[in-house]
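Structure first, then comments.
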Amino acid sequence: MFWTAIHKHPETYKKTPNLLDYSQTCAAFSWDTIRDELQGLPDGRGLNIAHEAIDRHAESRLRDHVALRWLGCDGAKRDFTYGELKALSNRFANILKGLGIGKGDTVFVLADRIPELYIAALGTLKNAGVFCPLFSAFGPEPVYQRLKRGDAKVLMTTGHQYRQKVSRIRDTLPKLKYVLLVDTQDHLENGLLSMPRLMAESSSLFSIPPTDPEDIAVLHFTSGTTGMPKGALHVHNAVLIHYMTGKYVMDFHPDDIFWCTADPGWVTGTSYGIIAPWVHGITNIVDEADFDAKRWCHILESQKVSVWYTAPTAIRRFMRLDFEPARSYDLHDLRVIHSVGEPLNPEGVVWGRKAMGLPIHDNWWQTETGGIMIANFPAMEIRPGSMGRPLPGIEAAIVRRTDKDTVEVVDEPDTQGDLALRPGWPSMFRGYLHDEARYRKCFVGGWYLTGDLAKRDADGYFWFVGRADDIIKTSGHMVGPFEVESTLMEHPAVAEAGVIGKPDPLIGEIVKAFVALKTGINPSEELRLEIIGFARKKLGAAVAPKEIDFQPNLPKNKAGKIMRRLLKARELGLPEGDLSTLEKTE
Ligand code: ATP
Ligand code: MG
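Sequence positions in the sequence shown follow the numbering used here and run 2 to 587.
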């Protein structure tokens with residue numbers, strides 16, 4: 002791709018980035034130093050995420066600093082200081098303790114982004130339990146599957162969610178002892194308890210029990226983009242990554258106002274929507290509502306957001322509307338925008354510069370990695386379309402399988418292979434729930450294989466090619482969907498594209514694209530041919546799509562990712578597979 006690099010710092014960046022010299026920081030890096038910047042539990046009792054995130058600030062001059070600014074759908078606004086969150090999460094931890102819920106017990110939350118969700122997360126971690134957030138938009142079946150597989154002991158939810166999704170299956174979940182209802186004032190029968198009442202009766206003092214850094218802290222289900230979601234288990238030690246990436250990638254500075262648009266049901270909404278900003282003692286914005294272009298711009302402006310973490314799906318929605326926020330809103334407090342979840346098309350990076358007044362910094366990671374692994378740091382030249390470079394302390398490589406048990410590192414630049422990480426980083430998942438064999442299969446020849454294909458250029462920037470499952474083999478070429486999708490998006494009529502391989506007796510697979518057009522543009526045969534011609538000119542006949550179908554919306558999951566496997570299954574008339582995370586289309 003022929004995109005010019007974007008040099009960000011030092012011309013316009015409004016702070017001195019925490020990571021100024023990449024090579025030097027990597028050379029001097031040690032996890033011990035990062036650990037020393039955290040506090041640990043008093044008297045050497047270990048490391049607990051909630052202590053690092055809240056209590057240590059509540060005991061400092063940040064006690065009255067706003068930790069959580071909650072914006073309700075109806076326009077309500079509530080602030081919680083570090084001191085208040087400490088007390089509230091202590092109360093929640095005491096509720097659990099009082100119910101006999103202890104170390105390693107799983108506490109699920111099924112709720113919108115309400116303050117209680119965040120209090121429950123912290124309280125569970127303090128009680129050395131395992132926190133597992135679920136998307137409130139999940140239907141009864143995905144809720145049931147996860148509660149069952151995750152051995153839920155406690156569920157915090159609303160009366161409405163409970164009646165709709167849980168009451169009927171309650172008897173089939175014998176391990177689920179208690180359901181805490183956030184909006185009920187009195188206890189009901191059958192272990193249905195009023196959370197407000199228990200909160201009021203509980204003490205605001207709590208002493209966190211000894212927590213080993215290797216104790217399981219969070220259970221997160223993957224997004225289900227490629228198949229049945231897997232439950233990834235994370236430990237308290239992961240907080241080292243949340244802190245380190247908060248410092249070097251998010252580039253948090255004191256007094257920053259941070260907004261991560263992800264729901265905690267997706268790992269981004271927990272690692273960065275809960276933990277990372279609080280470990281840095283800054284103000285974290287939580288918006289209860291879902292995407293709305295004007296609302297979001299209003300939040301950026303009125304809340305003076307300085308660091309914004311969002312996803313390509315949201316960026317494409319802005320682009321689809323041909324909406325340029327910087328023209329109508331005062332975004333001068335905004336210092337940096339980050340994106341994760343899917344490849345960010347170069348067009349998106351460039352759109353950011355034009356429409357938001359800032360380029361967008363892409364970064365890459367997975368539920369399994371627990372935190373950001375590869376990123377375009379604020380101080381670094383952005384190469385649009387690239388995921389960036391590995392974090393200090395993270396060894397990433399392109400590898401090729403040599404046989405079942407070994408891989409070799411591909412040293413030649415710009416050569417496609419499997420994206421691999423050297424195991425051992427603090428937030429590495431410690432298992433897939435009830436699936437030890439699958440976990441072990443991820444590790445080959447001393448590397449963790451991510452399931453993604455990528456290239457590395459001569460300067461150490463990584464370029465996403467596609468998921469191993471999505472690679473198209475056509476006429477002897479291996480085509481990554483991302484490259485084709487990015488080219489299609491350069492066409493002015495295209496808002497979104499999903500590309501699959503469609504089996505063909507002659508050439509293996511043909512490249513087929515599904516395209517959603519920008520608002521106000523109607524599909525026509527003429528436009529279809531024009532887009533095919535456009536792609537051919539840019540990509541060559543072998544790689545350009547031979548077929549294009551227009552669709553009003555592409556199928557996406559709740560993390561906003563295009564589900565190519567579903568496009569493919571539908572195209573081929575095959576079973577659609579696990580649809581538990583499919584988002585209803587607007
Ligand atoms: P499942 O594992 O259930 O199929 P998933 O892989 O989408 O779902 P996540 O852990 O949420 O679940 O997503 C991680 C994946 O998302 C990565 O492996 C990669 O394929 C994709 N991804 C995330 N960030 C980026 C990025 N910046 N560029 C390209 N791909 C990305
Ligand atoms: Mg995955």
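All C-beta atoms in this analysis are idealised placements derived from N, C-alpha and C, irrespective of residue type, glycine included.
D436 versus C443: straight-line alpha-carbon distance, rounded | 12 Å
Excluding the five sequence neighbours on either side, which residues of its own chain have a C-beta within less than 6 Å of the C-beta of Y310, listed in chain order?
-> C261, Y273 and H339
Report buried or exposed for D56, applying the criterion of at least 16 other Cβ atoms within 10 angstroms of its Cβ.
-> buried
For A542, collect the residues of the same chain with a Cβ closer than 8 Å to its Cβ; drop the 5 residues on either side in sequence, then sort them by chain order.
-> none
Indicate the three-state DSSP secondary structure (helix, strand or coil) for F93 in the structure shown.
-> helix
Would you check if the distance between the CB atom of R384 and the CB atom of Y462 is smaller than 7 Å?
-> yes
Closer than 6 Å by C-beta to M251: which residues in its own chain qualify, once you throw out the five before and the five after it? Chain order, please.
-> V308
Ends of the alpha helix (DSSP H) at K149?
-> P141 to R150
Determine the direct distance from the alpha carbon of T520 to that of I549, and round the result to whole angstroms.
-> 18 Å
DSSP on C74, reduced to helix/strand/coil?
-> Coil.
Is there at least one non-hydrogen atom of ligand 2 closer than 6 Å to the beta-carbon of T223?
-> yes
Residue environment, Q186, which counts as buried when at least 16 other CB atoms sit within 10 Å | So Q186 counts as exposed.
Would you kindly work out how many angstroms separate the C-alpha atoms of M196 and L220, rounded to a whole number?
-> 22 Å
Of the residues G477, P493, L454 and L507, which one's Cα is nearest the Cα of F483?
-> L454
Sequence-distant residues of its chain with Cβ nearer than 8 Å to K562 (five each side left out) = Excluding the 5 residues flanking it on each side, K562 has same chain C-beta neighbours closer than 8 Å at S224, T226, T314, G342 and E343, in chain order.
Of all the options G266, S329, H281 and G282, which has the alpha carbon lying nearest to the alpha carbon of W297?
-> Nearest option by C-alpha distance: S329.
Can you tell me whether DSSP reads P588 as helix, strand or coil?
-> Here the chain covers residues 2 to 587 and nothing more, so residue 588 does not appear.
Exposure label - G45; buried when at least 16 CB within 10 Å | exposed
Environment of D393 [buried if 16+ CB atoms lie within 10 Å] | The amino acid at residue 393 is misidentified as Asp; the sequence shows Pro. A buried status is given to P393, since no fewer than 16 other beta-carbon atoms sit within 10 Å of its beta-carbon.
Any non-hydrogen atom of ligand 1 closer than 6 Å to G342 Cβ | yes
Which runs of the alpha helix (DSSP H) fall wholly inside the region 189 to 255 and span at least 4 residues, in chain order?
-> 196 to 202 and 240 to 249
State yes or no: is the C-beta of R64 within less than 7 Å of the C-beta of G41?
-> no
What residues in its chain sit with their C-beta under 7 Å from that of T488, if we drop five residues either side in the sequence?
-> So the qualifying residues of the chain are A536, K539 and L540.
Hey, would you say the C-beta of F1 is under 6 Å away from at least one heavy atom of ligand 1?
-> Because the chain spans 2 through 587 in this model, residue 1 falls outside it and cannot be assessed.
Please determine if the region 253 to 269 and the region 398 to 413 are in contact, where contact requires at least 3 C-beta pairs separated by less than 8 Å.
-> no
Would you report the Cα separation of E531 and E486, rounded to the nearest angstrom?
-> The alpha-carbon atoms of E531 and E486 are separated by roughly 15 Å.
For P230, verify whether its CB is less than 6 Å away from any heavy atom of ligand 1.
-> yes
Mark L189 as exposed unless 16 or more other C-beta atoms lie within 10 angstroms of its C-beta, in which case mark it buried.
-> exposed
Going by DSSP, name the residue or residues bridged to P391.
-> Paired residues: I375.
Which listed residue (G372, I501, A112 and L450) has its alpha carbon closest to that of I472 = I501
Thinking just about the alpha-carbon of each residue, which of H492, A494, A496 and E510 is nearest to the one in G481?
-> E510
Put K104 into one of helix, strand or coil per three-state DSSP.
-> coil
Would you report the Cα separation of E572 and V512, rounded to the nearest angstrom?
-> 12 Å
Kindly list the residues whose CB is nearer than 7 Å to the CB of P11, restricted to its own chain and excluding five residues on each side of it in sequence; keep chain order.
-> Because the pLDDT at P11 is just 49, under 50, the model does not fix this residue reliably, and the value given afterwards should be weighed accordingly. Excluding residues up to 5 positions away in sequence, nothing lies with its Cβ nearer than 7 Å to the Cβ of P11 in the same chain.
So the alpha helix (DSSP H) V350 belongs to, where does it begin and stop?
-> P347 to W352
Does the beta-carbon of T451 have 16 or more other beta-carbons within 10 angstroms, so that it is buried, or is it exposed?
-> Residue burial is scored here from C-beta neighbours: T451 has at least 16 other C-beta atoms within 10 angstroms and is therefore classed as buried.
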